[in-house]
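2 protein chains.
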Amino acid sequence: MKRSLIQLLAALSCLTLLLTACGKDQATASISAQPVKTFQWKLVTSWPKNFPGLGLGPEKFAQYVNEMSAGRLTIKVYGAGELVPGFEVFDAISQGTVQMGHSGAYYWKGKMPAAPIFSAIPFGMTATEFNAWLHYGGGLALWQELYKPFGVVPMAGGNSGAQFAGWFKKEINSIDDLKGLKMRIPGLGGEVLKRAGAIPVTLTGGEIFSSLQSGAIDASEWVGPYNDLAFGFYQAADYYYSSVWHETGTNLEFIINEKALNELPKDLQKIVEVAAKAVNEDMLDEYNARNNQALQTLINQHQVQVREFPKDVLVALKGYTQEVIAEQVAADPTFAKIWQSYSEFLQSMRQYNDLTLKAYFENR
Amino acid sequence: MKRSLIQLLAALSCLTLLLTACGKDQATASISAQPVKTFQWKLVTSWPKNFPGLGLGPEKFAQYVNEMSAGRLTIKVYGAGELVPGFEVFDAISQGTVQMGHSGAYYWKGKMPAAPIFSAIPFGMTATEFNAWLHYGGGLALWQELYKPFGVVPMAGGNSGAQFAGWFKKEINSIDDLKGLKMRIPGLGGEVLKRAGAIPVTLTGGEIFSSLQSGAIDASEWVGPYNDLAFGFYQAADYYYSSVWHETGTNLEFIINEKALNELPKDLQKIVEVAAKAVNEDMLDEYNARNNQALQTLINQHQVQVREFPKDVLVALKGYTQEVIAEQVAADPTFAKIWQSYSEFLQSMRQYNDLTLKAYFENR
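Here the protein sequences line up with chains A and E, keeping their order. All the letters of the first sequence, read from the start, carry residue numbers 1 to 364 under the UniProt record's numbering. All the letters of the second sequence, read from the start, carry residue numbers 1 to 364 under the UniProt record's numbering.
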């Protein structure tokens with residue numbers, strides 16, 4: 001009885017103390033009153049762990065989120081194959097095996113023919129044009145709608161900028177030189193090359209070097225000097241073509257399991273959204289700064305020969321691109337709908353940039 | 001005595017209860033145990049309140065911070081003149097009258113001759129080139145060092161992209177047409193025009209329209225079609241010159257009182273930093289998307305005549321720019337030090353973009 005009396009008194013007084021204490025800092029207590037719930041997320045990627053550019057983006061994202069949330073949401077990043085193979089990232093997010101991922105939309109074109117529009121379209125928008133379309137031209141809403149049936153929420157996850165045409169074991173002097181060429185190239189760029197008589201092959205980044213070296217493939221695109229130097233492709237192919245055509249400003253993606261995102265409190269949801277936005281520019285900054293530096297290393301230290309496709313090769317590839325897109329538009333109403341928005345914006349941005357950036361590049 | 005016994009028992013039991021309760025959620029309690037402190041900041045700007053682009057950037061920043069911090073840091077945004085005149089923003093931050101501001105570094109060139117490098121240099125970097133230099137080329141560290149003696153911390157605060165040459169009451173057919181021209185133009189662009197015989201004038205955005213209309217000035221640059229349409233300049237001048245030369249990718253700034261920033265806990269400091277990074281891209285996205293739309297409105301609804309400077313006018317302006325910069329380098333060791341970093345990076349990015357973006361703009 002004595003014990004229960006003490007407990008009763010204690011409980012009552014404790015309540016009084018709490019009320020008194022609360023009265024003092026009422027405005028702030030309403031924030032701290034709920035018990036703090038913490039969340040641990042796994043983030044799987046399609047890149048080797050800590051790979052320059054592509055792989056550092058999700059690491060920086062995790063760091064931003066951890067620090068902004070003061071540890072309430074911690075995110076652990078996994079390289080391709082550590083938890084989930086590189087090309088199975090989307091399914092893992094959709095099934096809720098892991099909460100989020102970092103990848104490229106064109107890897108999911110088998111599942112959704114329109115997906116490549118959200119990573120790279122041959123002769124498409126540059127990085128800044130794409131970001132403008134995504135965030136102020138209706139692009140993001142269309143992307144969200146595309147992934148919605150899979151319970152996956154997409155956000156822009158960085159941009160590599162304009163990519164080089166790639167590494168070739170022989171010179172390309174005419175469109176006929178592409179005939180029979182086995183080339184690693186994903187997305188619609190591969191479809192375009194097929195029409196030129198080449199044989200497009202899909203490989204993850206980590207598989208390219210050995211395939212080039214063994215002769216299993218004759219050519220490969222990857223990203224640009226910064227990443228290409230890191231993979232050492234100059235040791236496996238003699239000719240490096242700079243001509244921008246197939247990936248003119250490649251958008252990466254953060255993809256999140258919708259249910260996991262909705263389970264976060266509002267402030268953590270916003271932290272995830274804003275961290276992704278910050279990483280989106282950060283990756284482009286990194287690519288722009290490192291690419292030229294790496295190009296100088298490739299040229300001066302590794303005697304790489306940088307080439308440009310002859311004009312008529314680019315004209316032919318552009319023609320095939322129009323054919324490929326027309327077929328996609330005819331075959332898939334979702335592709336047609338998204339393409340209309342994308343191509344109208346591209347047309348408008350092209351006029352504007354011809355007057356501004358293009359004119360400036362010529363005059364400066 | 002009875003009362004003090006109860007209090008003693010209560011205190012003891014309360015402690016027990018707290019210890020028991022704490023034991024259960026130890027990991028999380030360490031986060032919530034401290035009383036939550038809230039912060040209210042004022043953010044003053046050099047723009048009219050809610051002005052498209054420039055003025056919406058700080059509004060979006062405040063919204064991000066408020067939501068990510070769940071109200072622990074609330075930021076109220078003020079237009080130019082509401083609390084502080086547009087050209088006194090830096091001093092107000094430095095003196096700690098307010099905690100932070102949003103402005104353009106070239107407004108402080110009287111105080112720091114090198115400041116314009118962090119907003120716009122004639123024939124300088126584009127928006128993406130500048131961001132790459134700032135975040136991966138050493139630019140931000142130099143900027144922080146420049147503002148440090150004033151107790152002010154700078155962060156990139158959005159970019160307007162390449163700006164139009166501006167509005168003119170008469171046609172510019174040769175460099176001689178600039179002689180005697182009274183033109184509103186800030187920063188080093190004004191110094192360059194002075195060498196061409198023009199009379200540069202400094203006015204805040206809100207003062208331009210009436211000055212143009214009254215004939216107090218003959219010409220004015222502002223930003224580009226999106227902002228220029230909003231101010232109705234087409235009603236006050238007949239000729240709109242698109243030629244990008246004086247502001248090739250203008251960087252805005254968030255500036256923060258160092259002491260106020262250091263008083264925030266680490267998580268709120270990171271929230272401020274990441275929100276600024278997210279707004280930095282967001283503003284460029286908005287400008288890119290809205291500028292072309294506004295240009296069409298200016299041309300089609302308001303019969304604005306868009307012109308380009310003759311090539312020899314641009315060549316002459318480029319020559320004067322080299323003179324102005326050489327003088328700044330000779331006069332101010334800080335300008336010289338920052339210019340070396342800027343110009344080396346510009347040179348390197350120019351080579352890279354000639355091979356990629358410039359070639360692509362020509363081929364697509």
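Heads up, the beta-carbon is just placed ideally off N, CA and C, and yes, glycines get one too.
If you ignore the 5 residues before and after G157 (chain E), its C-beta comes within less than 7 Å of the C-beta of G57, H102, L252, E253, F254, A276, V279, N280, all in its own chain and listed in chain order. A distance below 8 Å separates the beta carbons of K49 (chain E) and G79 (chain E). Straight-line spacing of the CA atoms in L229 (chain A) and F309 (chain A) works out to 21 Å. By the Cβ neighbour-count rule, K266 (chain E) is exposed, with fewer than 16 other Cβ atoms within 10 Å of its own. Distance from the CA atom of V65 (chain A) to the CA atom of G71 (chain E), rounded to whole angstroms, is 17 Å. Looking at the backbone, the Cα of E191 (chain A) and that of V324 (chain A) are separated by about 7 Å. Excluding sequence positions up to five before and after V36 (chain E), its CB lies within less than 7 Å of the CB of R72, all in the same chain and listed in chain order. In the structure shown, V89 (chain A) falls within a helical segment according to DSSP collapsed to helix, strand and coil.
Taking E129 (chain A) as reference, the option from A:F361, A:S348, A:N363 with the minimal CA-CA separation is A:S348. Listed in chain order, the beta strand (DSSP E) runs fully inside the segment 282-328 of chain A are 305-307, counting runs of at least 3 residues.
Contact of H246 (chain E) with chain A by beta-carbon distance below 8 Å is absent, the smallest such distance being about 11 Å.
For Q63 (chain A), the enclosing alpha helix (DSSP H) covers residues 56-68.
In the DSSP annotation of this structure, the continuous segment of the beta strand (DSSP E) that includes I199 (chain E) starts and ends at 199-201. Taking 9 Å as the upper bound on Cβ-Cβ separation, chain E lies near residues V279, N280, E281, D282, L284, D285, E286, Y287, N288, A289, R290, N291, N292, Q293, L295, Q296, V306 of the segment 279-306 of chain A. Bridge partners of H135 (chain A) according to DSSP: none are assigned. CA-CA distance, D177 (chain A) to H135 (chain E), rounds to 41 Å. According to the DSSP secondary-structure assignment, N173 (chain A) is paired through a beta bridge with no residue. Residue pairing by DSSP puts H102 (chain A) in a beta bridge opposite A:T45, A:F254.
G187 (chain A) places its beta carbon less than 8 Å from that of A120 (chain A). For the pair A127 (chain E) and F118 (chain E), the CB atoms are not nearer than the 8 Å cut-off.
For I271 (chain A), the closest Cβ of chain E is nearer than 8 Å. Look at M349 (chain E): its C-beta is under 8 Å from a C-beta on chain A. DSSP places F39 (chain A) in the strand class (E or B) of the three-state scheme.
Not a single C-beta of chain E is nearer than 8 Å to the C-beta of K49 (chain A). Spatial neighbours of M155 (chain A) in its own chain (CB-CB distance under 6 Å, excluding positions within 5 residues in sequence) are listed in chain order as F254, A276.
G137 (chain E) reaches chain A at A289, counting residues in chain order whose Cβ is nearer than 7 Å. If you draw a straight line from the Cα of K42 (chain E) to the Cα of L268 (chain E), it comes to about 15 Å. For V223 (chain E), no CB of chain A lies under 8 Å from its own CB, so it is not counted at the interface with that chain. By the CB criterion at 8 Å, F361 (chain A) and L357 (chain E) fall inside the cutoff.
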